[in-house]
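Structure first, commentary second.
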Amino acid sequence: MTANKSNKLLHLTIENGVANITLDNAPVNALCGSLIKALKQLLGELSYNKDVKVIVFDSANPDFFIAHVDINILEEQGILEELAKAAPEGLNIFQAVGEMLREQPQVTIVKLKGIARGGGAEFVAAADMCFAAAEKGKLAQCEALMGIIPGGGATQYLSSRMTRSRALEIILGAGLFDAATAERYGWINRALPDNEIDLFVNQLAQRIAALPEGVMAAVKKVLAPAKNVEGFKAENDGWATLAFTPRTAEIMKKVMANGAQTVAGELRLEELLRNIV
Amino acid sequence: MTANKSNKLLHLTIENGVANITLDNAPVNALCGSLIKALKQLLGELSYNKDVKVIVFDSANPDFFIAHVDINILEEQGILEELAKAAPEGLNIFQAVGEMLREQPQVTIVKLKGIARGGGAEFVAAADMCFAAAEKGKLAQCEALMGIIPGGGATQYLSSRMTRSRALEIILGAGLFDAATAERYGWINRALPDNEIDLFVNQLAQRIAALPEGVMAAVKKVLAPAKNVEGFKAENDGWATLAFTPRTAEIMKKVMANGAQTVAGELRLEELLRNIV
Amino acid sequence: MTANKSNKLLHLTIENGVANITLDNAPVNALCGSLIKALKQLLGELSYNKDVKVIVFDSANPDFFIAHVDINILEEQGILEELAKAAPEGLNIFQAVGEMLREQPQVTIVKLKGIARGGGAEFVAAADMCFAAAEKGKLAQCEALMGIIPGGGATQYLSSRMTRSRALEIILGAGLFDAATAERYGWINRALPDNEIDLFVNQLAQRIAALPEGVMAAVKKVLAPAKNVEGFKAENDGWATLAFTPRTAEIMKKVMANGAQTVAGELRLEELLRNIV
Chain E
34 MTANKSNKLL HLTIENGVAN ITLDNAPVNA LCGSLIKALK QLLGELSYNK
84 DVKVIVFDSA NPDFFIAHVD INILEEQGIL EELAKAAPEG LNIFQAVGEM
134 LREQPQVTIV KLKGIARGGG AEFVAAADMC FAAAEKGKLA QCEALMGIIP
184 GGGATQYLSS RMTRSRALEI ILGAGLFDAA TAERYGWINR ALPDNEIDLF
234 VNQLAQRIAA LPEGVMAAVK KVLAPAKNVE GFKAENDGWA TLAFTPRTAE
284 IMKKVMANGA QTVAGELRLE ELLRNIV
Chain S
34 MTANKSNKLL HLTIENGVAN ITLDNAPVNA LCGSLIKALK QLLGELSYNK
84 DVKVIVFDSA NPDFFIAHVD INILEEQGIL EELAKAAPEG LNIFQAVGEM
134 LREQPQVTIV KLKGIARGGG AEFVAAADMC FAAAEKGKLA QCEALMGIIP
184 GGGATQYLSS RMTRSRALEI ILGAGLFDAA TAERYGWINR ALPDNEIDLF
234 VNQLAQRIAA LPEGVMAAVK KVLAPAKNVE GFKAENDGWA TLAFTPRTAE
284 IMKKVMANGA QTVAGELRLE ELLRNIV
Chain R
34 MTANKSNKLL HLTIENGVAN ITLDNAPVNA LCGSLIKALK QLLGELSYNK
84 DVKVIVFDSA NPDFFIAHVD INILEEQGIL EELAKAAPEG LNIFQAVGEM
134 LREQPQVTIV KLKGIARGGG AEFVAAADMC FAAAEKGKLA QCEALMGIIP
184 GGGATQYLSS RMTRSRALEI ILGAGLFDAA TAERYGWINR ALPDNEIDLF
234 VNQLAQRIAA LPEGVMAAVK KVLAPAKNVE GFKAENDGWA TLAFTPRTAE
284 IMKKVMANGA QTVAGELRLE ELLRNIV
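So the protein sequences, as listed, match chains E, S and R. For the first sequence, this note's numbering assigns the number 34 to the initial residue and increments by one for each residue that follows. For the second sequence, this note's numbering assigns the number 34 to the initial residue and increments by one for each residue that follows. For the third sequence, this note's numbering assigns the number 34 to the initial residue and increments by one for each residue that follows.
Next up, the structure:
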């Protein structure tokens, strides 16, 4: 079975039980309200499609998987209200994105061939698996440089994947991590040569989709992700006390003026953020 | 003190407080009912031997540590009933093998110089430590390809050793992992050059056996393995719903016809299983 | 802001929100009662200094970070009684050192450019982060060779950082681990070339200290270290049953006679301990 579907932000292909979702939100795949809404709708539809066993996410952008949450997201007020209303009890709208992914009945795999920062890195960590291109795949929790802390699940997801020491280094150091280091820290499954990642992930996805009936669902049930309600609450409390301060608003304004959310600026976002006085 | 004991499946040597148990169930060291019974008896006897501080497991077979649970194990009905009767409350007979190993008063170390799949990989993961030969040591949870999920503790043991992402990759991808990747994932202590593993493990075992009285027992008590009763129940529930279906019976029959449980077939078992239509 | 303070055991520099504490207890930086007392006093003072965001620990000794707890510590009876009185309910005085570090409001980073064994390795593991020099940074829990088990938190700290298999190898094998292996096991954040570690750690510390107000505290609050009261009790029970036996007293006496707590002896302490008959 093959199917194709496209809107301006997501491209879907389904073949042999594997759905491929390509994110396409130029110029840098910022996670805006519209993209969250489109993902929510598409994943909701796929969750009823019993023929789809695996969902692979990649990006139409050669440099970015998901830049981070759109810095201008507050302008999308209508969509934000809608998302807030739909978020599960106890989760903010960003945490709800990751948890939506974690509850997807299919196996979800990120093919990381570009940069994912902030909410984009949280999307990666929420997926069942991630394989990253050794050269171009990179991850960062850059929130600290913006005057906030991660607010979309990273504190919980990182804590379940690596030592507290390394989670602190990632969040407080706020640097851009290459795929090899991300692998050593447990952040991703593994780093693969850039010219092998497509073959590797596609083969893995096809093999999982070809498993005898019932196996994938049984494994996902036994290895269901832990839910730490208090952890999400603590994260949101920390995030919310910092997210709406004048200092953070000022950083966001200045970094946008200096090139954030352009390709050139996002390739050196840490530098832009560290240079704000 | 030196002692030697042998039955057709297990060879025992004891020297300076280290017991060496060599598994020998030609042609591929399948974990059959008789082998489980022999292990149970020998480990039971050793548990009363205060002079033995460390138990090292290796294999008489140059290619296999334990192939996996014997595909024909259901033919050993008498032994299975006996094992089921003796299994602790809440554990199936395969989970009982691993938990027996985890409750052994001695330090248990696997010297992995060949392939361990399925129930054999679960035996490895239940031991206190595992060192693997970089070239020849390999691990797989191949159950998914047989239409089932691991039912002898792997879902619990892997979850305590590595990220959920990697446990999902191992169980759902069902591939054969080399020792270096197994080390990076936390599956084993470490991979060692094939010509160094004997010296390394023997020296480690001797050193532990030579520790001052009471130290080994005190460490094992403080670092006692966690028991997750609900996790074992969930695993068994998932396994039991798939293990006795016509589809699984058919796979087992076909893979036996195509060479499973022969040396040549087991060296490429994943290929045999993936080629079943 | 820059400040300098020195007593015979600790040297303090503060610059741009980063405090650097250099341990200096010749000849091998043994963790004696006086050093614990000095650390307690200095960390207590720093905990009220809102200008200090990060504390970096290093050593004045080119070979040792902290050798281990001073073998002659029982001679400092007055200080020990003082420390025991001040220790939190349920913690022995060595566990209290690590937990003091873990409750420090600042981010604590160890720059490990020499050997840390026993209580010194526990100090390292209690810090928020540790970066080790690939050549000279080394770690060991050597207690087993002394007839005891770690009694200052190692059983808990190691268990939260790595698999049980590796914690058992470290504690029971009691070997000296190089920085690369310590990194692979999760014991430290990472190993760095010896000529890069100063630059790396200083830059990381400066970056964290320069984060917008409130971020560091919010992250430390959300990622607060777990407290396992029962684990500490179990560790102390195991330690206390072995620490005051004639066998341990004899080992301590003999190893002191053979060169322990001298530079030459401590460079090969495992050998000294294994050769005691």
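We put the CB at the ideal spot given by N, CA and C, even for glycine.
Have a look at the options and flag the residue whose alpha-carbon is nearest the alpha-carbon of residue i.
i	options	result
residue 47 of chain S	S:242, S:174, S:157	S:242
residue 229 of chain E	E:274, E:165, E:153, E:211	E:165
residue 260 of chain S	S:150, S:129, S:106	S:129
residue 209 of chain R	R:137, R:66, R:147	R:147
residue 204 of chain S	S:265, S:185, S:173, S:85	S:173
residue 66 of chain E	E:234, E:105, E:143	E:105
residue 212 of chain R	R:89, R:159, R:154	R:154
residue 123 of chain R	R:262, R:63, R:289	R:262
residue 310 of chain E	E:295, E:141, E:287	E:287
residue 113 of chain S	S:69, S:169, S:279, S:159	S:69
residue 281 of chain E	R:290, R:97, R:244	R:244
residue 76 of chain R	R:181, R:239, R:44	R:44
residue 74 of chain S	S:58, S:119, S:83, S:231	S:119
residue 55 of chain E	E:79, E:49, E:143, E:117	E:143
residue 61 of chain S	S:101, S:88, S:82, S:89	S:101
residue 178 of chain R	S:256, S:103, S:240, S:187	S:240
residue 79 of chain S	S:307, S:126, S:117, S:136	S:136
residue 227 of chain R	R:145, R:64, R:86	R:145
residue 88 of chain S	S:236, S:63, S:216	S:236
residue 295 of chain E	E:131, E:42, E:160, E:97	E:97
residue 92 of chain E	E:86, E:127, E:59, E:84	E:59
Residue range of the beta strand (DSSP E) that residue i falls in?
i	result
residue 92 of chain R	87 to 92
residue 162 of chain E	162 to 166
residue 148 of chain E	148 to 150
residue 254 of chain S	Run containing residue 254 of chain S: none in the beta strand (DSSP E); it sits in the alpha helix (DSSP H), 248 to 255.
residue 173 of chain R	171 to 173
The alpha helix (DSSP H) spanning residue i covers which residue range?
i	result
residue 143 of chain R	No alpha helix (DSSP H) contains residue 143 of chain R, which is instead part of the beta strand (DSSP E) from 140 to 145.
residue 222 of chain E	First-last for residue 222 of chain E: undefined, no H or E at that position.
residue 296 of chain E	296 to 299
residue 278 of chain R	No alpha helix (DSSP H) contains residue 278 of chain R, which DSSP labels as neither H nor E.
residue 312 of chain E	In the structure as shown, chain E begins at 34 and stops at 310. Residue 312 of chain E is therefore absent and cannot be evaluated.
residue 201 of chain R	197 to 206
residue 182 of chain S	Residue 182 of chain S -> no alpha helix (DSSP H), and no H or E assigned at all.
residue 241 of chain S	230 to 242
residue 126 of chain E	126 to 135
So which residues on chain C does residue i lean against when the C-beta distance must stay under 7 Å?
i	result
residue 106 of chain R	Here the protein chains are E, S and R, and chain C is not one of them.
Could you compute how far the alpha carbon of residue i sits from the alpha carbon of residue j?
i	j	result
residue 221 of chain S	residue 224 of chain R	21 Å
residue 108 of chain E	residue 71 of chain E	17 Å
residue 134 of chain E	residue 190 of chain E	13 Å
residue 266 of chain R	residue 184 of chain R	10 Å
residue 35 of chain E	residue 51 of chain E	Caution applies to residue 35 of chain E, whose pLDDT of 48 falls short of 50 and renders its modelled position unreliable; the value that the coordinates give is listed next. The straight-line gap from Cα to Cα measures roughly 9 Å.
residue 53 of chain S	residue 138 of chain R	50 Å
residue 95 of chain R	residue 200 of chain R	27 Å
residue 233 of chain R	residue 258 of chain S	37 Å
residue 115 of chain E	residue 247 of chain R	30 Å
residue 163 of chain S	residue 268 of chain S	23 Å
residue 149 of chain R	residue 158 of chain R	10 Å
residue 90 of chain R	residue 141 of chain R	8 Å
residue 180 of chain R	residue 57 of chain R	28 Å
residue 202 of chain E	residue 255 of chain E	31 Å
residue 285 of chain S	residue 182 of chain R	49 Å
residue 188 of chain S	residue 196 of chain S	12 Å
residue 40 of chain E	residue 283 of chain E	34 Å
#### Entry: Contact the segment 290 to 310 of chain E vs the segment 168 to 183 of chain E: 3+ CB pairs below 8 Å
yes
### Query
Between the segment 267 to 275 of chain S and the segment 243 to 255 of chain E, are three or more C-beta pairs nearer than 8 Å?
yes
### Task
Taking only runs that begin and end inside the segment 43 to 79 of chain E, name each unbroken beta strand (DSSP E) of 3 or more residues, in chain order.
With a minimum length of 3 residues, the continuous beta strand (DSSP E) runs that stay inside the segment 43 to 79 of chain E are 43 to 48, 51 to 56.
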